[in-house]
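**Q** Protein chains in written order, with the working numbering: chain A, 1 to 361; chain B, 362 to 623; chain C, 624 to 1005; chain D, 1006 to 1246; chain E, 1247 to 1647.
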Amino acid sequence: MTEETTAMPLSETGSGSERERRSPIEWLRDQREHRAHLFLLAIMLLASIAVIDFRTWLVLTISGVAMGAVLFLMASGMTLTFGLMSVLNLAHGAFISLGAFAGGTVLAFWLDGFASSPSFLTNLVAIIPALLFAAFIAGVVGLVFEKLVIKPVYGDHLKQILVTVGGSIILMQLIEVIWGPNEIPVTRPEALQGAFLVPEALPLIGGIVLEKYRLVAVVLGLAIYAGMLWIIDRTRIGILIRAGVESREMVEIQGYRIHLLFLGVFIAGSALAGLGGVMWGMYKELLTPHMGDEMMISVIVVIILGGLGSIRGCFYGALLVGLINLYIGFVEPRLAAVATVGLMVGVLMWRPQGLIPVIKV
Amino acid sequence: MSSEQAVLETRDLTINFGGHVAVNRVSCQFHKGTLTSIVGPNGAGKTTWFNLISGQLKATAGQVLLNGEDLTGLTAARRADKGLGRAFQLTNLFPNLTALENVRLAVAARHHIGHVFWQMASHRRDLTDRAMEYLTRVNLANRAGYLVSGLPHGDQRKLEVALMLALEPEVFMFDEPTAGMSVDEVPVILDLIADIKKQQDKVILLVEHKMDVVRSLSDRIVVLHNGELVADGEPAEVIASPVVQEAYLGASPDQQPEVAHG
Amino acid sequence: ADSIRIAHVTGFTGPLAPYAEQLDIGLNMGFEYATDGTMKIEGRQIEISRKDTQLDPARARALVEEAYAEDDAHIVVGPVSSGVALATLPLAQDYERIIMPEGVADAITGAEWNRYVFRVGRNSSQDAVSNAVALGEPGVCVSTIAQDYAFGRDGVAAYKEAMEAQGGKIVHEEYLPTDATDFTAAAQRLFDSLKDRSDCEKGKYIFAIWAGSSNPLGRIQDLDPSRFGIKLATGGNILAALVGYSDFPGMQGAGFYYFESPDNEINDWLVEQHFDRHNAAPDFFTAQGFAQAMAITEAIRKAGGSTDTEDLIAAFEGLTFQTPKGEMEIRAEDHQAMQDMYHFEIEVEERDDWFAGRTVEAGVPKLIRIIDRSEMDIPVRN
Amino acid sequence: MAEPILKLSGVKADIDQYHILHGVDLVVPKGELTVLLGRNGAGKSTTLRTIMGLTTLTGGTVTYQGQDISRWPTPKIARAGIAFVPESMGIFGLLTVRENLVLAAVSGPMDEARLQWIFDLFPPLKKFWDKPAGTLSGGQKQMLAIARAVIEPRDLLLVDEPTKGLAPAIINDLADAFDQLKEQQVSILLVEQNFNFSRRLGQTVAVMNDGAVVHAGTMAELAENEELQQDLLGLGLGAHQ
Amino acid sequence: MLSRILSEDFPRSKTLTALLLVIVVSLALGPFLFDGIRAFTTLGMICVFIMVVAAYDLMLGYTHIVSFAHTMFFGIGAYGVAMAVDGMGNSFGAVLVGIIGALAVSFVLSLLLGLLSLRVKAIFFALVTLAVAFAFLSLVTQLYNITGGEDGMRVRVPRELGPAFRPFENSLPGIDVPTLLKGLLTQPWNIGQVWQEATFEVRFNGRNVMYYVLVAMATGVFLFLLRLVNSPFGRVLQAIRENEFRAEALGYRTVVYRTAVVILSALVATLAGAGFALINRYVNPENTLNFELMVFILLMCVIGGMGTLYGAIVGSTLFILAQNYLQDLLGWVGQYTAGIPLVENLLGEDHWLLWFGVLFVLSVYFFPAGVVGQLRIWALQRRNRKSPPPSGPEAEPVAQT
Ligand SMILES: Nc1ncnc2c1ncn2[C@@H]1O[C@H](COP(=O)(O)OP(=O)(O)OP(=O)(O)O)[C@@H](O)[C@H]1O
Ligand SMILES: Nc1ncnc2c1ncn2[C@@H]1O[C@H](COP(=O)(O)OP(=O)(O)OP(=O)(O)O)[C@@H](O)[C@H]1O
Ligand SMILES: CC(C)C[C@H](N)C(=O)O
Ligand SMILES: [Mg+2]
Ligand SMILES: [Mg+2]
């Protein structure tokens, strides 16, 4: 054994300079680590443009982005409730349906006069109340749902899965009781029907069509995305809720009433599902109690891709799923569903906790 | 002594957490029958070093050798199997099993019978007896049937040690075994460590902040600071060295027994 | 006398519940009409029991067995879902009793058929062929879009055969997963297949065979096919779906039933009574249920009041009977009812009589002509 | 003895179906540091958790500044000016050090001067300011836990074994910090196994055994009396100097 | 003897023992105790699901692996037999080929799944298995040429397992318990007639043979699993469930154990799937591969009591009874509520799913430890009240949730 005491210098100069010398490489690696979502998006765009004719590609891309925006609207609420309160709400699909029915009621029954006017502004008089009303109804039902169904099973994912599937059966049945068993047709507001045709004369993009509805979806999706990011990253509420995921008890020890917070988040998540539901309902133009549930697989893929709980991840996950559906759908439609799941498994093998990990497993 | 082959050796062991080098090129050899204390300020990298040795973390660079065999690529399970025993700093047990069952699992691991599915576990009296023996050694025999989640903190720490004993390892790594233990319990653990040391063929590594414990048990002290090995030698010498006095004890020698030692 | 026991085994709950409800209403009204309200045939009381398959084939099988073995039902009507119906067909054979499935799959009177199976509703081929007859002539080019499973593929195959017999051309077949919701990519390919063709002086069409709630036509229409001179075409549908057709004024196709299309006494009675009782128009499946009741009544009468299976089979084979859709004939070869279909063109109108208490802007399928059952060559596939 | 800020009389508490506290009587005088001693499993942590309303109180009362807080919900107790550093520290591992402290400062933005005081006490907190707290070392987490409790002025601190796992230098600093808090008239109830530490700081002391307080008195008295120590704690505390 | 068969893992509650006895006797003598097709189908389903759920419990309750791909393996078994019989004719050889083929496919897939869990953990793993199962489902629907797509496939079973086969010349006597009980309750003075009404003839045919094959399979599988979880291997699984990290640190290669469990559980599910196809004589995606079915299995496991194995018996029985008879119950209730505006609508047969959902949720709340767990807790409490344990929380694992 070495007997002498080897007192090494405590100064950090040696290791410090080494760190600096290595830093560009590390910086690069860091970038790749932290921008996995952008990296993947870039790859997908490049790969597809290589095999698809440019104009078609452009139409597909725009449609894919719009589909992504609608998917994001539908998934954001679920990722919110998972990321912030660790509640896996499989009844989310039922809330989407509920939103669609509530919004559809406004559009097709109450304010149908405004919805069928050709002017966009007049349409908005129907659309905005429809969105608000759907968010409101979904939010209120969310409140009740949290109290009756979710509250007793905080912290236990397995039971959450069970009670929320049970809850979703109940919700869909209640929709049937209230709105009747028939499918309800809802025509899209007049100004959102059809498409803009880019004049043939324009170079490159001439002759492509942009569906009006999809443009609106993109705008709404981006707005909601920006709002959510701001709240989560920049406000105390955001921090608080993230803390609550780890330990409810400790949040209470700091003097906050955690349950009110969680209730708020759940209401917000449900309201978002409601918004997504209206957009989805306007897209499909035919309302069924199962319409939200049918989207759950896509929603789940989106939120896992994103990292289960990350708003950013959810956004990019939705874009990726929207795009791959369109691209693969063009090349070989039968593979679209499998491709989506394949994308997810692939991403998880690369990043076991999603593109933008938030939770430790 | 130094001519003899080291049982455990780390060579340039390094880990980098996204820019923060928690353990930085630490090389050290440990020999049979010795007890080495590892001291250093909070966050010096002691636990991390242990994690690198026992395989809980993957080293960015460097090697871990046990009796000359390179363990670097092996998983934690394989290393445990080869004779590296570890008791954790933050208690890490099977909370909803009884204390006895906890130890029995360790005994079963030691005797490689985890895959046996045709026998009744309860028919293996030999395992139970063994497990009781270890519980007795840490003074927990009367708690054998308790669920771990209901055991007070101090008892959990003792159980943590019992698990390591049950593995009958060649290298014992204690990470602050007496933290949070009441004064009357501490000697149990210390006597136990002394017992192991008496066997002469084991290697003991001890992370401990209580300097009196360190002083009374150690053959050698290694000091970590900012992830680097900054001192290594005889206890008295190392404790007296300025680096330990300033960076670790943070006070003049006459002041520290006052408060800092339990 | 012993009662006539009929078990209506169908999906009363689940996604097809509205159809089942219509069928049940139709069935009851049909018997009521056929028996002048007495609910007795040849002096025997009709007893109808309802059993809910929950759209689960396994459950449906148990219920059908229960109906035959325990309730001693003479005839099982249903199920409405083709898949579920197919699962139950062998039981009719096991128990040697009549089953009258309500689903549309060709296989019911095709590959999976047995001699106890009778179908009054239309089959996919009838849908497809009537549509081909409605549009087809030399110089017509059609690209099809359909769901990628038996229903879609069989439908397109039958359509193609009939269309080519009329002189038209199928230039592209597009198949999508059953649950597809985004049709942009498919639309691109469909447009590409038609837009630059010069041999289609009589029109370029995209024809859709689609079951379920996300109909692709609306999405394709949004992409403005008319800029390439492409028109849309599809079969008839339930009223709820026809509301969505308001986006396609001028679209042509052929359908099974729309309450204003037939012109006969029975239909008049049905429409009037239905408005009275439900404050809404009778729909697609109401008419089918009604026709089923008419067929059963007629057959039992023809058999002289007997409900013995062999007597019934003999009576059903070649049976002609009156329905809200006019006369139908059950052909002996595959026990499929041959019937008229309705060639329509969509006109947009405000309607307040389709649904109780609600006004909608609807795509009304205005009748162009009745396609007589003799005009359609429906293949026998059993 | 100063007037009590906190008083427990006959407090009983259960965890699941087990009776853990069998009637705890305890007084924490205002502005003083009270040490709660006892062997492992005596019920010290449970007593603190019961004060915070975290275990079900089945009997007795907890009086804080003259109010009966026995049935109050935890957040209300916290807002009344009681800070608690639990045995397991309860760090929010996914939040950064900064975010942990932001949350602890319930009434608004953190006070700069106070923050500086904390940084002087615990330099690593400054160093790892924007690092997720879950990656801190055991001792560093302990520092953060204490920092959270004192980021704002509080009337009463409940601290469960703060020196556990801390390096000697930091323990000294911590002792200084408690001294400073005492000067600020903060009352402290400290559970501690490190007798040297508690002897230096404590004015009053209570010893628990098997779910009840078996001795209460001044620290000076206990520190003098080896026999009493032997009796209550099972060991002469001098033995391991 | 009994102790050996049950691997010393007893119900540990008198109520539970009684409940289990009732269920086991009902299953063993089923065709002679319950008249009618639906009762017979129900009994068969219970046997099938006891296997499926017990295997799932091994994974979920004992090892804490949450997988939603369990139905995939069930479906592989069912489709394996269906496709083999479809292709090779209804012989026992074909059935055997189908089963072996299905087991092989399941083995490979479950091995992959086990290895996937090496990298993708916990809730991510759970949701990935959900998506994989979904992809498998859509594959089966898409490959309608060989699978029949959504329409499913009929399974033409060997003659010896079908209704046409009659091993006994005469029919055997049976006594319908529900009729008997109802009679005894409503007209106890008329015992003779009640008895008469309740007796029925059992025409013992090939389907009964198949049923008893299933009963034997379920018994074998259950006892095997019971032994397994009480062996040293089972203890390691519990260790992994409690603290995988620490199990690894003790030297257990947890991946190997986890993969073994996933494979074992998959194989049992496959076997049960084959049994399902043979007794039900019909397979389709809906009743073998659906997500809903997966949740139902999960629910059966949880209602029964996770980590108790006996829970599989109780859970599947309760659940399948509710699923099959709730609607009838509501129909009966509906007779009395007809005419009351909203109630009529809510309590109607058509909305049985609503009440099913409500039961679903309530059962999770009121039996947090499952029926078996709860009964054991009560039994333990009763015992403790009689003779309280010496001190503190003496442990007897109750329900291993
Ligand atoms: N997973 C991790 N990611 C990032 N940093 C880490 C991680 N684990 C440890 N560190 C950092 O490495 C350093 C060394 O930590 P370690 O736990 O080894 O300290 P220690 O010497 O055991 O201290 P203590 O005496 O307080 O237990 C700390 O600064 C810690 O923040
Ligand atoms: N969750 C629990 N379930 C059952 N018993 C418990 C539980 N938590 C604590 N106990 C019991 O309560 C008693 C008091 O525990 P407590 O943690 O308060 O002791 P303590 O004095 O803080 O001990 P230590 O010095 O070891 O921290 C112990 O005997 C313990 O076994
Ligand atoms: C979680 C979702 C996949 C659930 C949905 N009910 C389905 O059937 O697929
Ligand atoms: Mg450490
Ligand atoms: Mg404690």
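From the three backbone atoms N, C-alpha and C, an ideal C-beta is built for every residue, glycine too.
Under a Cβ-count criterion, where at least 16 other Cβ atoms within 10 Å of its own Cβ denotes burial, should residue 473 (chain B) be classed as buried or exposed?
**A** Taking the second sequence and counting its residues from 1, the one referred to as residue 473 (chain B) is at position 112. Classification of residue 473 (chain B): exposed, given that the 10 Å Cβ count is below 16.
**Q** Please tell me whether, using a cut-off of 7 Å, the distance from the CB of residue 588 (chain B) to the nearest non-hydrogen atom of ligand 4 is below it.
**A** Position 227 of the second sequence, counting from 1, holds the residue named residue 588 (chain B). Every heavy atom of ligand 4 is 7 Å or more from the Cβ of residue 588 (chain B), so no.
**Q** Let me confirm a value: residue 1519 (chain E) is counted as buried when at least 16 other C-beta atoms fall within 10 Å, else exposed. Which label applies?
**A** What you label residue 1519 (chain E) is simply residue 273 of the fifth sequence in a count that begins at 1. With 16 or more other Cβ atoms within 10 Å, it is buried.
**Q** So residue 1105 (chain D) contacts chain B; which residues on that side make the cut at Cβ distance below 9 Å?
**A** On the fourth sequence, residue 1105 (chain D) is found 100 positions in, with the first residue counted as 1. Those do not exist, as residue 1105 (chain D) stays about 16 Å from chain B at its closest Cβ, beyond 9 Å.
**Q** Just to make sure I have the definition right: I need the residues of chain A whose C-beta is within less than 9 Å of the C-beta of residue 1111 (chain D). Which are they?
**A** Taking the first residue of the fourth sequence as 1, we reach residue 1111 (chain D) at position 106. Near residue 1111 (chain D) (Cβ distances below 9 Å), the residues of chain A are 254, 255, 256.
**Q** Less than 8 Å between the CB atoms is what I'm expecting for residue 217 (chain A) and residue 69 (chain A), so what's the real figure, rounded?
**A** Position 217 of the first sequence, counted from the first residue, corresponds to residue 217 (chain A). Position 69 of the first sequence, counted from the first residue, corresponds to residue 69 (chain A). Confirmed, Cβ separation roughly 5 Å.
**Q** For ligand 2, is there a heavy atom less than 7 Å away from the beta-carbon of residue 1195 (chain D)?
**A** Against the fourth sequence, residue 1195 (chain D) aligns to sequence position 190. Residue 1195 (chain D): no, Cβ never under 7 Å from ligand 2.
**Q** Grab the span of the alpha helix (DSSP H) containing residue 1393 (chain E) for me, first residue to last.
**A** In the fifth sequence, counting from the first residue as 1, residue 1393 (chain E) sits at position 147. Looking at the DSSP string, the run of the alpha helix (DSSP H) that includes residue 1393 (chain E) is 1390-1393.
**Q** Given residue 1214 (chain D), which residues of its chain have a CB within under 8 Å of its CB, disregarding the five upstream and five downstream residues?
**A** Within the fourth sequence, numbered from 1, the residue matching residue 1214 (chain D) stands at position 209. Excluding residues within five positions, the ones whose Cβ falls inside 8 Å are 1043, 1044, 1047, 1237.
**Q** Is there a Cβ from chain D that is less than 8 Å from the Cβ of residue 240 (chain A)?
**A** In the first sequence, residue 240 (chain A) corresponds to position 240, counting from 1. For residue 240 (chain A), the answer is yes, since a Cβ of chain D falls inside 8 Å of its Cβ.
**Q** For chain A, check one thing: does any of its Cβ atoms lie closer than 8 Å to the Cβ of residue 992 (chain D)?
**A** For residue 992 (chain D) there is no data in the structure shown, the boundaries of chain D being 1006 and 1246.
**Q** With a cut-off of 8 Å, does the C-beta of residue 778 (chain C) fall near any C-beta of chain E?
**A** Residue 778 (chain C) sits at position 155 when you count from the first residue of the third sequence. So, not an interface residue.
**Q** When every heavy atom of ligand 2 is checked, does at least one fall within less than 7 Å of the C-beta of residue 247 (chain A)?
**A** Against the first sequence, residue 247 (chain A) aligns to sequence position 247. Checking the Cβ of residue 247 (chain A) against ligand 2 gives no.
**Q** Could you tell me whether any non-hydrogen atom of ligand 2 is closer than 7 Å to the CB of residue 484 (chain B)?
**A** On the second sequence, position 123 is the one that residue 484 (chain B) refers to. Checking every heavy atom of ligand 2 against the Cβ of residue 484 (chain B), none is found closer than 7 Å.
**Q** List the residues of chain A that residue 1100 (chain D) touches, going by C-beta distances under 7 Å, in chain order.
**A** For this step, residue 1100 (chain D) is matched to residue 95 along the fourth sequence. Chain A residues near residue 1100 (chain D): 239, 242, 243.
**Q** Could you tell me whether any Cβ in chain E is nearer than 8 Å to the Cβ of residue 543 (chain B)?
**A** If you number the second sequence from 1, residue 543 (chain B) lands on position 182. Taking Cβ atoms only, chain E never reaches closer than 8 Å to residue 543 (chain B), which makes this a no.
**Q** Since residue 636 (chain C) meets chain E, which of its residues come closer than 9 Å, beta carbon to beta carbon?
**A** Working through the third sequence from its first residue, we reach residue 636 (chain C) at position 13. Within chain E, the residues near residue 636 (chain C) are 1573, 1595, 1596, 1597, 1598, 1599.
**Q** Whole angstroms is fine: what's the gap from residue 336 (chain A)'s alpha carbon to residue 233 (chain A)'s?
**A** The count along the first sequence starts at 1 and reaches residue 336 (chain A) at position 336. The count along the first sequence starts at 1 and reaches residue 233 (chain A) at position 233. If I take the Cα positions, the gap works out to 35 Å.
**Q** So residue 1598 (chain E) is in the alpha helix (DSSP H); what residue range does that whole segment cover?
**A** Within the fifth sequence, numbered from 1, the residue matching residue 1598 (chain E) stands at position 352. First-last of the alpha helix (DSSP H) with residue 1598 (chain E): 1598-1612.
**Q** Measuring straight from C-alpha to C-alpha, what distance separates residue 1166 (chain D) and residue 1198 (chain D)?
**A** Taking the fourth sequence and counting its residues from 1, one reaches residue 1166 (chain D) at position 161. Taking the fourth sequence and counting its residues from 1, one reaches residue 1198 (chain D) at position 193. If I take the Cα positions, the gap works out to 7 Å.
**Q** Beta carbon of residue 696 (chain C), beta carbon of residue 666 (chain C): below 8 Å?
**A** As a working note, residue 696 (chain C) is residue 73 in the third sequence. As a working note, residue 666 (chain C) is residue 43 in the third sequence. Not closer than 8 Å, so no.
**Q** Tell me the rounded alpha-carbon separation between residue 950 (chain C) and residue 900 (chain C).
**A** As a first step, residue 950 (chain C) must be located in the third sequence, where it is residue number 327. As a first step, residue 900 (chain C) must be located in the third sequence, where it is residue number 277. Their backbone Cα atoms lie some 25 Å apart in a straight line.
**Q** Using beta carbons (cut-off 8 Å, strictly below), is residue 709 (chain C) in contact with chain E?
**A** Counted from its first residue, the third sequence places residue 709 (chain C) at position 86. Output row for residue 709 (chain C): interface = yes.
**Q** Under 7 Å: does the beta carbon of residue 450 (chain B) sit that close to some heavy atom of ligand 4?
**A** Taking the first residue of the second sequence as position 1, residue 450 (chain B) is located at position 89. Under cutoff, so the answer is yes.
**Q** Return the bridge partner residues of residue 424 (chain B) from the DSSP annotation.
**A** The residue labelled residue 424 (chain B) in the question sits at position 63 within the second sequence. Answer by DSSP bridge pairing, in chain order: B:372.
**Q** Verify the contact flag: residue 536 (chain B), CB atom, against every heavy atom of ligand 4, threshold strictly below 7 Å.
**A** To locate residue 536 (chain B), count along the second sequence from 1; it is residue 175. The answer is yes for residue 536 (chain B).
**Q** Here's a check: name, in chain order, each residue in its chain whose Cβ is nearer than 7 Å to the Cβ of residue 613 (chain B), leaving out the five neighbours to either side.
**A** Taking the second sequence and counting its residues from 1, the one referred to as residue 613 (chain B) is at position 252. Residue confidence is low: residue 613 (chain B) scores 44 on pLDDT, short of 50, so the model does not pin down where it sits. No coordinate-derived value is stated.
**Q** Within a Cβ cutoff of 8 Å, which residues of the same chain sit near residue 842 (chain C), ignoring the five residues on either side of it in sequence?
**A** Residue numbering aside, residue 842 (chain C) sits at position 219 when the third sequence is read from its first letter. Excluding residues within five positions, the ones whose Cβ falls inside 8 Å are 805, 806, 807, 810.
**Q** Under three-state DSSP, which class holds residue 279 (chain A)?
**A** Looking up residue 279 (chain A) in the first sequence gives position 279. Correct three-state label for residue 279 (chain A): helix.
**Q** Under a Cβ-count criterion, where at least 16 other Cβ atoms within 10 Å of its own Cβ denotes burial, should residue 1112 (chain D) be classed as buried or exposed?
**A** Working through the fourth sequence from its first residue, we reach residue 1112 (chain D) at position 107. Under this definition residue 1112 (chain D) is an exposed residue.
**Q** Beta strand (DSSP E) containing residue 594 (chain B): first to last residue?
**A** Numbered from 1 along the second sequence, position 233 holds the residue referred to as residue 594 (chain B). Per DSSP, residue 594 (chain B) belongs to the beta strand (DSSP E) from 589-594.
**Q** So, for residue 1476 (chain E): in the same chain, excluding its five sequence neighbours on each side, which residues have a beta-carbon less than 8 Å away from its beta-carbon?
**A** For this step, residue 1476 (chain E) is matched to residue 230 along the fifth sequence. Here the set comprises 1253, 1254, 1255.
**Q** Would you say the beta carbon of residue 97 (chain A) comes nearer than 7 Å to a heavy atom of ligand 5?
**A** Along the first sequence, one-based indexing puts residue 97 (chain A) at 97. Result no, Cβ not under 7 Å from ligand 5.
**Q** Hey, does residue 1634 (chain E) have any beta-carbon neighbour from chain B nearer than 8 Å?
**A** For this step, residue 1634 (chain E) is matched to residue 388 along the fifth sequence. Low confidence applies to residue 1634 (chain E): its pLDDT is 47, below 50, so where it sits in the model is not reliable enough to give any reading.
**Q** Compute the minimum distance between the beta carbon of residue 1316 (chain E) and the heavy atoms of ligand 5, and state whether it is under 7 Å.
**A** Mapped onto the fifth sequence, residue 1316 (chain E) falls at position 70. Checking the Cβ of residue 1316 (chain E) against ligand 5 gives no.
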